[in-house]
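Colleague:
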DNA sequence: TCAACTACTCATGAAACGTTGAAATATGAT
DNA sequence: ATCATATTTCAACGTTTCATGAGTAGTTGA
């Protein structure tokens with residue numbers, strides 16, 4: 001992932017509404033969620049939702065598909081993973097203390113080499 | 001890490017100059033780098049540098065110490081790790097496909113359980 | 001065709017961001 | 001004291017972002 005793409009993604013993620021959107025969409029997997037359902041679930045106006053969804057889509061973090069009159073949005077787990085990997089590897093040089101963030105649930109249970 | 005702190009950190013990281021700053025400071029460890037050296041290295045004006053450094057410091061991503069007339073800046077690896085962990089766990093629910101980003105260099109070389 | 005529904009676009013204004021250069025502050029050397 | 005160095009602060013300007021509400025476009029069923 002190039003820096004410019006990572007920057008777009010980080011800008012997109014640096015907003016409360018959009019972070020909630022990602023959170024909501026990650027949970028729904030490939031099926032996704034219709035715009036109207038998202039609006040109701042997060043209590044966001046239609047235009048505001050559309051603005052934030054298109055910001056996320058432009059950044060490549062989510063995708064959409066039309067199904068009759070509904071538009072379903074879903075998170076692109078691959079791209080989101082790439083953004084995190086970019087922070088981890090290209091910006092932080094896989095710094096050992098930072099890498100530790102990857103094993104929070106198993107913290108302390110891994111041998112020193114990992 | 002709370003969402004508001006993570007959002008501040010993401011905003012701070014979503015800028016090319018500041019990402020370069022983090023990159024440069026991560027490499028210098030606890031010693032850090034004096035502002036003037038950073039300015040020369042990244043070819044950034046003093047006031048612009050100061051602005052971006054204070055943005056990063058306010059977000060908690062870097063710290064500073066004065067030494068005679070120099071001010072040394074260093075990255076806070078712990079906080080940077082927390083931000084990445086927040087994205088990974090609190091936003092992406094440790095989604096398996098996204099978690100895969102943590103093992104790019106050792107990909108395929110770990111047993112399935114890790 | 002018409003009405004209802006779903007989602008998007010647009011214009012507006014307020015707020016935040018980023019760059020610049022000049023001025024101010026702090027520290028150290030002569 | 002005076003001067004030089006190092007860094008920060010400030011005001012100005014243009015750009016970008018965001019929330020709001022009104023209006024528009026596409027889809028479905030009567």
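Protein chains in written order, with full-length UniProt numbering: chain A, 1 to 114; chain B, 1 to 114.
A virtual CB, placed ideally from N, CA and C, is assigned to each residue, including glycine.
How big is the Cα-Cα spacing for residue 71(A) and residue 16(A)?
Modeller: Working through the first chain from its first residue, we reach residue 71(A) at position 71. Working through the first chain from its first residue, we reach residue 16(A) at position 16. Each residue's Cα considered, the two are about 22 Å apart.
Colleague: Going by C-alpha distance, which of 85(B), 98(B), 87(B), 76(B) is nearest residue 78(A)?
Modeller: Here residue 78(A) refers to the residue found at position 78 when the first chain is read from its first residue. Closest by alpha carbon: 98(B).
Colleague: Whose Cβ in chain B lies nearer than 8 Å to the Cβ of residue 82(A)?
Modeller: Sequence index remark: in the first chain, residue 82(A) carries index 82 (1-based). Within chain B, the residues near residue 82(A) are 101.
Colleague: Answer with yes or no whether the minimum CB distance from residue 32(A) to chain B is below 8 Å.
Modeller: Stepping through the first chain from its first residue, residue 32(A) is reached at position 32. No, residue 32(A) lies away from the interface with chain B (no Cβ there is under 8 Å from its Cβ).
Colleague: Just how far apart, CA to CA, sit residue 46(B) and residue 39(B)?
Modeller: Numbered from its first residue, the second chain carries residue 46(B) at position 46. Numbered from its first residue, the second chain carries residue 39(B) at position 39. Cα to Cα, the separation comes out at about 6 Å.
Colleague: Just mark residue 117(B) as buried or exposed, buried being the case when its beta carbon has 16 or more other beta carbons within 10 Å.
Modeller: As shown, chain B starts at 1 and ends at 114. That puts residue 117(B) outside it, with no answer to give.
Colleague: Looking only at DSSP bridge pairs, what is residue 97(A) linked to?
Modeller: What you label residue 97(A) is simply residue 97 of the first chain in a count that begins at 1. According to DSSP, residue 97(A) bridges with nothing at all.
Colleague: Give me the Cβ distance between residue 86(A) and residue 1(A), rounded to the nearest whole Å; I'm assuming they're in contact under 8 Å.
Modeller: By 1-based counting over the first chain, the position of residue 86(A) is 86. By 1-based counting over the first chain, the position of residue 1(A) is 1. Rounded, the Cβ-Cβ distance is 5 Å, consistent with contact.
Colleague: For a contact meaning CB atoms closer than 8 Å, what does residue 64(B) contact in chain A?
Modeller: The count along the second chain starts at 1 and reaches residue 64(B) at position 64. Result: empty, since nearest Cβ-Cβ is about 19 Å, beyond 8 Å.
Colleague: Taking the alpha helix (DSSP H) that residue 40(B) belongs to, which residues open and close that run?
Modeller: The count along the second chain starts at 1 and reaches residue 40(B) at position 40. From DSSP, the alpha helix (DSSP H) with residue 40(B) extends over 35-42.
Colleague: Between which two residues does the beta strand (DSSP E) carrying residue 65(B) extend?
Modeller: Counting from 1 along the second chain, the entry for residue 65(B) is found at position 65. First-last of the beta strand (DSSP E) with residue 65(B): 62-67.
Colleague: Considering only their Cβ atoms, is the gap separating residue 63(A) from residue 76(A) smaller than 8 Å?
Modeller: Within the first chain, numbered from 1, the residue matching residue 76(A) stands at position 76. Within the first chain, numbered from 1, the residue matching residue 63(A) stands at position 63. A contact, by the Cβ cut-off of 8 Å.
Colleague: What residue does the alpha helix (DSSP H) around residue 6(B) start on, and which one ends it?
Modeller: What you label residue 6(B) is simply residue 6 of the second chain in a count that begins at 1. Looking at the DSSP string, the run of the alpha helix (DSSP H) that includes residue 6(B) is 3-13.
Colleague: Beta-carbon separation of residue 61(B) and residue 80(B) under 8 Å?
Modeller: Numbered from its first residue, the second chain carries residue 61(B) at position 61. Numbered from its first residue, the second chain carries residue 80(B) at position 80. In contact: residue 61(B) and residue 80(B) (Cβ atoms closer than 8 Å).
Colleague: Rounded to the nearest angstrom, how far is the Cβ of residue 101(B) from that of residue 88(A), given a contact under 8 Å?
Modeller: Numbered from its first residue, the second chain carries residue 101(B) at position 101. Numbered from its first residue, the first chain carries residue 88(A) at position 88. About 7 Å separates the two Cβ atoms, so the contact holds.
Colleague: Identify each residue in the region 13-41 of chain B for which the Cβ-Cβ distance to at least one residue of chain A is less than 8 Å, and report them in chain order.
Modeller: 13, 14, 15, 16, 19, 22, 23, 26, 27
Colleague: Starting from residue 75(B), follow the beta strand (DSSP E) in both directions and report where the run begins and ends.
Modeller: As a first step, residue 75(B) must be located in the second chain, where it is residue number 75. Segment 70-75, the beta strand (DSSP E) holding residue 75(B).
Colleague: By the criterion of Cβ-Cβ separation under 7 Å, what are the contact partners of residue 78(A) in chain B?
Modeller: Counted from its first residue, the first chain places residue 78(A) at position 78. What residue 78(A) touches in chain B: 97.
Colleague: Is DSSP giving residue 30(A) helix, strand or coil here?
Modeller: Start at 1 with the first residue of the first chain, and residue 30(A) comes out as number 30. Coil at residue 30(A), not helix or strand.
Colleague: Below 6 Å CB to CB, which residues in the same chain sit around residue 32(A) once its five sequence neighbours on both sides are set aside?
Modeller: Your numbering for residue 32(A) matches position 32 in the first chain. These residues qualify, in order along the chain: 72, 73, 74.
Colleague: Along chain B, which residues have their Cβ under 9 Å away from the Cβ of residue 54(A)?
Modeller: Numbered from its first residue, the first chain carries residue 54(A) at position 54. Neighbours of residue 54(A) on chain B: none; closest Cβ ~17 Å, over 9 Å.
Colleague: Express the C-alpha separation of residue 53(B) and residue 21(B) in angstroms, rounding to a whole number.
Modeller: The residue given as residue 21(B) occupies position 21 in the second chain. The residue given as residue 53(B) occupies position 53 in the second chain. Distance between the alpha carbons of residue 21(B) and residue 53(B) is about 8 Å.
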